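Asker: The structure's right below; bear with me while I get my questions together.
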Amino acid sequence: MLIKVPRGWELPESAATPERLYLNRRALLGGMAAGSLLALGACDQAPPEPRSTDLAGAASGSSDAAVVDPSLKYYPAAKNPAYADAGRPVTAETLTSTYNNFYEFGTHKQVWSEAQALKIRPWQVKIDGMVEEEQLLDIDALFAKMPFEERIYRHRCVEAWSMVVPWTGFPLAKLVELAKPLSGAKYLRMETFMNPRMARGQQQSWYPWPYVEGLTMAEATHELAFLVTGVYGKPAAPQFGAPIRLHVPWKYGFKSVKSIVRFTFTESRPRSFWEELGPSEYGFWANVNPEVPHPRWSQASEEQLGGERIPTVIYNGYGEQVADLYKGLEGEALYM
Ligand code: MTE
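When we follow my numbering, the leftmost residue of the sequence shown carries the number 13, and every step to the right adds one.
Quick look at the structure:
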């Protein structure tokens, strides 16, 4: 099977990254845990040394942007007690905000500084396809109609690393309600912005930009499907996919599309960014399952950012809530 692109994130990090860099990240994470980050010195391959101003920038976008962000008034949002405890410790923000996948800004994990180029206002969201009426909404007008809450969810990347983050946002079902889809709509397709001048990764023409993901209507209206606008009790920094991204915690992380500008209701199954690149490795469903290996590595366990390697759990531990969605679909490639 041919994928004609550089494939850094498709490999487990130990395999994909030159060992020197891999060891540096391990050292960094270990060093952070031990509070001895400075021991790394000026190693040019490690994430930037976190000066206090950098950390503020990494965690919240530039401080100027945070001051003028019109959505600040929604934070901190009420915690949803049903998702107050993910059964694992919350991952430090210093780690999750400096170790990201956002190919629009580069294929490496320390993409957060490049991602500060993302202009998150003005931002419009289009709702189209099989809906009663097409809508073009200013992001803050959309936010004003939505019930903000905080949920702590586990996140499992297909690369076999994981994290736990307190996400703020609202149920995707609420946006579906606002969209008024027609009864024939079977899928929801979501699309990231397209702006190669701002996001230089999009100048790499061998990728099928813009980034696209999709869910069935049953998945999109499931209680767990969440549109994220903030993290750690404040508006999301650009690298997390500001100003609005998806989080579907029972699926591999690549389903959780960032910086969405378009929601399209459709009869036909959308073909996603990664499916387009590697259909034999990345499917539509992408439900977490430790027993179904990726064609090139095991999915049996995962490395927690800043923590231990632990066994992976089917549906990332959300099976009780979501397994019913897949009854009768056993013939489908549900776990890739
Ligand atoms: N969305 C867009 N638009 N571009 C991306 O590169 N990466 C995906 C997903 N959403 C990606 C994206 C992958 S592979 C993962 S694991 C998560 O975002 C990473 O989210 P995080 O950076 O907040 O950890």
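C-beta atoms are modelled at their ideal positions from N, C-alpha and C, and glycine is treated no differently.
As the structure is a computational prediction, the values presented were derived from the model and not from experiment.
According to DSSP, what are the bridge partners of Trp179?
Answerer: Along the sequence shown, read from residue 1 onward, the residue named residue 179 stands at position 167. DSSP output for Trp179 lists Arg163 and Val243 as bridge partner(s).
Asker: Nearest-angstrom Cα distance between Tyr264 and Ala298?
Answerer: Within the sequence shown, the letter at position 252 stands for residue 264. Within the sequence shown, the letter at position 286 stands for residue 298. Rounded to the nearest angstrom, the two C-alpha atoms are 6 Å apart.
Asker: According to DSSP, Gln216 sits in a beta bridge with which residue or residues?
Answerer: Stepping through the sequence shown from its first residue, residue 216 is reached at position 204. Answer is none; Gln216 lacks a bridge partner.
Asker: Tell me the DSSP secondary structure of Leu154 in three-state form.
Answerer: In the sequence shown, the residue the question calls residue 154 occupies position 142. The answer is helix: DSSP assigns Leu154 an H, G or I state.
Asker: Using 10 angstroms around the beta-carbon of Pro134, count the other beta-carbons present and answer buried if the total reaches 16, otherwise exposed.
Answerer: Mapped onto the sequence shown, residue 134 falls at position 122. It counts as exposed.
Asker: Quick check on Phe205: does DSSP put it in helix, strand or coil?
Answerer: The residue given as residue 205 occupies position 193 in the sequence shown. In this structure, Phe205 counts as coil in the three-state DSSP scheme.
Asker: Which residues share a DSSP beta bridge with Leu341?
Answerer: Position 329 of the sequence shown, counted from the start, is the residue given in the question as residue 341. DSSP, once it has assigned bridges, lists no residue as partnering Leu341.
Asker: Can you tell me where the alpha helix (DSSP H) holding Phe285 begins and where it ends?
Answerer: Position 273 of the sequence shown, counting from 1, holds the residue named residue 285. Residues Phe285 to Leu289.
Asker: What is the C-beta distance between Gln214 and Met206, in whole angstroms, given that I count them as a contact (C-beta under 8 Å)?
Answerer: For the purposes of this step, residue 214 is identified with residue 202 of the sequence shown, where counting begins at 1. For the purposes of this step, residue 206 is identified with residue 194 of the sequence shown, where counting begins at 1. Between Met206 and Gln214 the Cβ distance is about 7 Å, and since that is below 8 Å, they are a contact.
Asker: Is any heavy atom of the ligand MTE found at a distance shorter than 7 Å from the C-beta of Gln251?
Answerer: Position 239 of the sequence shown, counting from 1, holds the residue named residue 251. Yes, Cβ of Gln251 sits closer than 7 Å to a heavy atom of the ligand MTE.
Asker: Is His306 near the ligand MTE, with its Cβ less than 7 Å from a heavy atom?
Answerer: On the sequence shown, residue 306 is found 294 positions in, with the first residue counted as 1. The answer is no for His306.
Asker: Just the Cα atoms here: how many angstroms apart are Leu317 and Thr110?
Answerer: Working through the sequence shown from its first residue, we reach residue 317 at position 305. Working through the sequence shown from its first residue, we reach residue 110 at position 98. If I take the Cα positions, the gap works out to 11 Å.
Asker: So Pro302 packs on Val325, CB below 8 Å; how close in whole Å?
Answerer: In the sequence shown, counting from the first residue as 1, residue 302 sits at position 290. In the sequence shown, counting from the first residue as 1, residue 325 sits at position 313. That belief holds up - the Cβ atoms of Pro302 and Val325 are roughly 7 Å apart, short of 8 Å.
Asker: Using a 10 Å radius around the Cβ and a threshold of 16 neighbouring Cβ atoms, would you call Leu227 buried or exposed?
Answerer: Numbered from its first residue, the sequence shown carries residue 227 at position 215. The residue is buried, with at least 16 neighbouring Cβ atoms inside 10 Å.
Asker: Mind checking whether the beta-carbon of Ser271 lies closer than 7 Å to any heavy atom of the ligand MTE?
Answerer: Your numbering for residue 271 matches position 259 in the sequence shown. Result yes, Cβ under 7 Å from the ligand MTE.
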